[in-house]
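Asker: Protein sequence lines, in the order shown, are assigned to chains R, G, V and H.
For the first sequence, the tail end lands on 208 under the numbering used here, and the numbers increase by one without skipping.
For the second sequence, the tail end lands on 416 under the numbering used here, and the numbers increase by one without skipping.
For the third sequence, the tail end lands on 624 under the numbering used here, and the numbers increase by one without skipping.
For the fourth sequence, the tail end lands on 832 under the numbering used here, and the numbers increase by one without skipping.
Every residue, glycine too, gets a C-beta built ideally from N, C-alpha and C.
Sharing a structure below in structure tokens format, with a few things to ask.
Protein chains: 4
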Amino acid sequence: MKEKETTRVEAFSDGAFAIAITLLILEIKVPHLGAESSDRGLLVALSQLWPSFLAFGGSFTAILIMWVNHHGLFRMLRGVDSLFLYTNGFLLLMITFIPFPTVVLAEYLDKKGANTAAALYCATMVVINIAYSVLHYAAASNRRLIAREVPQAHLFRIKWAYGTAFPIYLAATRLSLWHASVGLAICMSLWIFWARLNYNPKGESISA
Amino acid sequence: MKEKETTRVEAFSDGAFAIAITLLILEIKVPHLGAESSDRGLLVALSQLWPSFLAFGGSFTAILIMWVNHHGLFRMLRGVDSLFLYTNGFLLLMITFIPFPTVVLAEYLDKKGANTAAALYCATMVVINIAYSVLHYAAASNRRLIAREVPQAHLFRIKWAYGTAFPIYLAATRLSLWHASVGLAICMSLWIFWARLNYNPKGESISA
Amino acid sequence: MKEKETTRVEAFSDGAFAIAITLLILEIKVPHLGAESSDRGLLVALSQLWPSFLAFGGSFTAILIMWVNHHGLFRMLRGVDSLFLYTNGFLLLMITFIPFPTVVLAEYLDKKGANTAAALYCATMVVINIAYSVLHYAAASNRRLIAREVPQAHLFRIKWAYGTAFPIYLAATRLSLWHASVGLAICMSLWIFWARLNYNPKGESISA
Amino acid sequence: MKEKETTRVEAFSDGAFAIAITLLILEIKVPHLGAESSDRGLLVALSQLWPSFLAFGGSFTAILIMWVNHHGLFRMLRGVDSLFLYTNGFLLLMITFIPFPTVVLAEYLDKKGANTAAALYCATMVVINIAYSVLHYAAASNRRLIAREVPQAHLFRIKWAYGTAFPIYLAATRLSLWHASVGLAICMSLWIFWARLNYNPKGESISA
């Protein structure tokens, strides 16, 4: 029973992650050159879309890493309850929200308004960080839903990671208002941190 | 066999729920400020999108709670038949319809037309309420598809909840025509009611 | 192994069906009334969307019934092979194409051009009918992929149904060019026929 | 455990594949004829959409074949690790990117700019070819994640296929700049090659 329960929540979450990650591409608008189109003109127009490609690649990477971590969290569960379901729902709300700040960033990264756009993007990461912390709490507080074989040290390590990232994301949001690319660079370096959190070439390699 | 049957209907339903919930964000239009864009101007433009954010958050919450209840219903089944499949299909039709009244609401909540928009939104909830009642009937009438271990009292409790909510949603639709926010507030307070219907911190906590 | 194989093809197919059915709603455009919006004006504008609602409801029903029949076909399989995968792929191509003729129909049903729009819609059903026939052939020819317990009579019944529907869909396409609603009415009455093909209140009710 | 691990990665991947394949249709724009619409005018307008239909059909076929090969790769695995997850993530990034060059192609295939559009399309295939090679390497290098029963010869055959296709895709990209349809024709003939790579009517037919 437990197995199936967890499975269905995972399926729904995977659906939301997969759709959010795929919708990003819809937001890159094809250039319309009209009657004066040419090979050279199209090439120039495509290359001017660089903020869109950057935002697409960045948010794709972000959602992918979030999915891997979500995946890692579910591997530790022995079941779910309604509190966990609604907490997970709040996280999914934020995941499906990501395309919006991504498009705002793509639109304004090379225009005036870049600072506001970058701050919105970083602020979204702050809220997602909180959502992950709360979800982890809903699962790991008193080991409510955690399977017996998961070591306590691993739970502390994850909790510590979320706690450490929180002020850094906050700082990135602030710094964005002063210089957009600095804030965004901090956000993206944290993604590498999240990716490393899970990556464990020795112990985990198969069926961990 | 039965297990697999139920699983595939759940997978299809989860897909429709997950997509409906994720599509909502596509409807929030990024402000286009053109040449005169500025950090301040973008901030103002973003804050003027509040009806969109409200509608997005509201409908996300609604679909999430509906999914949890759908999930709860399927937990009680021992199998599905074609009547149930088509009834479930009608419910999914209404779930995938939700983005439409949501966008109408986002567009007109701060304009003239708010009453019509709010009434459309509440009326959608009336029809979804009916769809849930019919789906419950298709499963629980004479315990057609209900697993043996499910207590009859639980079935009555759910039936009673749908029956009670129906006139309230109807009243909310009417009141919307007089004052949009009153109708919407009633709808949203019912969502809390639905969330509570399922939440059961003691008995259910793990693998219920 | 076989179990898992079939499962993944089903999951992919279910994904395509679920997304196609959910995308339909994206095509109903919210009326933009601008500064002169009013409750009455919005109501009128919404009611003028009737061809969109009709096309949305119709295509949703069509895809749902197609999914139930797809589901019925997979229940008879003992495995899949690459030929079946590509045949199934062609069917999915046509399923994901449905939103296009649906929008054309919604746009032109109450305008000049209705005949062409209706013929396009019916012609899509002709091609889908062929796709189902070919898929059934790929599975049932010499019982290649059919589980032992499935009676031969059931296979013949399905084959007969596809064969019978083919000339009717063709006729509906032709008649659409003369009178749009006649062609569409024939298409829709066939959906009832497909729904009945699967519905079997006695034998199937649970876990068939 | 391993089983479940692989399953969830497959589910997420299938989601991304299914959504990418379904989103393609959203990009075919319905012709708006306004007041002067007529049956003949609509027919002409629809037939002028041929580049869109061609691009839709082509990319659908491409994604479908990619999915079948992805499916084939996962059948050989005995588990996944984080390196494989991220490599798979990069492949999914490219899969979800496909709608963009598809729309560019649909827009410019019958206009000036066709060469650039075709080269972008072929270049996307180059990168996807690399992504598949890397994914295969992440799984098959020293048979890291490969199940015991998979013959080494099969792994070499796949590796050889990716290695052979790479310079052909590169050449197609170059040739596109000289003549768009030549480059595209080479890309599409390679799809047949990929489809054949997997198709194995004797050995595989059931539950392989």
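Report yes if the CB atom of R:Ala118 is closer than 7 Å to the CB atom of R:Leu184, and no otherwise.
Answerer: yes
Asker: Below 8 Å, can you find three or more Cβ-Cβ pairs linking the segment 750-768 of chain H to the segment 789-805 of chain H?
Answerer: yes
Asker: Let me know the secondary structure DSSP gives H:Ile722 once reduced to three states.
Answerer: coil
Asker: Is it a yes or a no for the segment 307-317 of chain G touching the segment 359-370 of chain G, going by three-plus beta-carbon pairs under 8 Å?
Answerer: no
Asker: Does any CB atom of chain V fall closer than 7 Å to the CB of H:Val727?
Answerer: no
Asker: Counting Cβ pairs, one atom from each stretch, are 3 or more of them under 8 Å apart for the segment 710-722 of chain H and the segment 770-777 of chain H?
Answerer: Short answer: they don't touch.
Asker: Just to confirm, is the Cβ distance from R:Ser52 to H:Gly737 under 7 Å?
Answerer: no
Asker: Residue range of the alpha helix (DSSP H) that V:Ala581 falls in?
Answerer: In the DSSP assignment, V:Ala581 falls within the alpha helix (DSSP H) that extends over Gln568 to Trp594.
Asker: Spell out whether any CB of chain H is found under 7 Å from the CB atom of R:Phe60.
Answerer: Yes - at least one Cβ of chain H is within 7 Å of the one on R:Phe60.
Asker: In whole angstroms, what is the alpha-carbon distance linking V:Ser367 and V:Gly474?
Answerer: Not covered by the structure: residue 367 of chain V. The range shown for chain V is 417 to 624.
Asker: V:Phe428 by DSSP, collapsed to three states: which one?
Answerer: helix
Asker: Per DSSP, which residues does R:Leu77 bridge with? Please list them.
Answerer: Looking at the DSSP assignment, R:Leu77 forms a beta bridge with R:Ile146.
Asker: Taking Cβ positions only, does V:Asn504 come closer than 7 Å to chain H?
Answerer: no
Asker: So what does DSSP say about V:Ile608, is it helix, strand or coil?
Answerer: helix
Asker: Do G:Ala228 and V:Thr477 have their CB atoms nearer than 7 Å?
Answerer: no
Asker: Could you work out which residue in V:Glu426, V:Trp594, V:Met482 and V:Cys603 is closest to V:Asn531 when comparing CA atoms only?
Answerer: Of all alpha-carbon atoms in V:Glu426, V:Trp594, V:Met482 and V:Cys603, the one lying nearest the alpha-carbon of V:Asn531 is that of V:Trp594.
Asker: Using Cβ-Cβ distances below 9 Å, what residues of the segment 210-235 of chain G are close to chain R?
Answerer: Glu211, Thr215, Glu218, Ala219, Asp222, Gly223, Phe225, Ala226, Ile227, Ile229, Thr230, Leu231, Leu232, Ile233 and Leu234
Asker: Give the residues of chain R in contact with G:Ser245, contact being defined as C-beta atoms less than 8 Å apart.
Answerer: Per Cβ cutoff of 8 Å: Tyr108, Lys111, Lys112 and Gly113.
Asker: What in chain H is Cβ-close to R:His71, meaning under 9 Å?
Answerer: Result: Glu629, Arg632, Val633, Phe636 and Leu709.
Asker: Closer than 7 Å, CB to CB, is V:Val460 near chain G or not?
Answerer: Answer no: the Cβ-Cβ gap between V:Val460 and chain G never drops below 7 Å.
Asker: Between the C-alpha atoms of R:Leu26 and R:Asp14, what's the straight-line distance to the nearest angstrom?
Answerer: 19 Å
Asker: I need the DSSP call for V:His448, collapsed to helix, strand or coil.
Answerer: coil
Asker: From V:Ala611 to V:His487, what does the alpha carbon distance come to, in whole angstroms?
Answerer: 12 Å
Asker: Would DSSP call G:Leu422 helix, strand or coil?
Answerer: Summary: the structure shown does not reach residue 422 of chain G, with chain G confined to residues 209 through 416, and so no result is reported for it.
Asker: Can you give me the C-alpha to C-alpha distance between V:Leu536 and V:Ile584, rounded to a whole angstrom?
Answerer: Rounded to the nearest angstrom, the two C-alpha atoms are 15 Å apart.
Asker: Taking the beta carbon of H:Ile816 as the centre, do at least 16 other beta carbons fall within 10 Å, making it buried, or is it exposed?
Answerer: Around the beta-carbon of H:Ile816, fewer than 16 other beta-carbon atoms lie within 10 Å, marking it exposed.
Asker: Spatial neighbours of H:Cys746 within its chain, please: C-beta separation below 6 Å, excluding the five flanking residues on both sides.
Answerer: The answer, listed in chain order, is Ala796, Thr797, Ser800, Gly807 and Cys811.
Asker: With H, G and I counted as helix, E and B as strand and the rest as coil, what does DSSP make of G:Asp247?
Answerer: helix
Asker: Leaving aside the five residues before and after R:Val134 along the sequence, list all residues of the same chain whose C-beta is less than 6 Å from its C-beta, in chain order.
Answerer: Thr87
Asker: Closest by CA to V:Ser498, which one among V:Asn485, V:Gly450, V:Leu561 and V:Met510?
Answerer: V:Leu561
Asker: Just to confirm my understanding: we take R:Glu3, look at its own chain, exclude 5 residues before and 5 after, and list those with CB closer than 7 Å. What are they?
Answerer: In this predicted model, R:Glu3 has a pLDDT of only 47, less than 50, meaning its place in the structure is not dependable; the value taken from the coordinates is given anyway. For R:Glu3, where only same-chain residues beyond five positions count, there are no Cβ hits under 7 Å.
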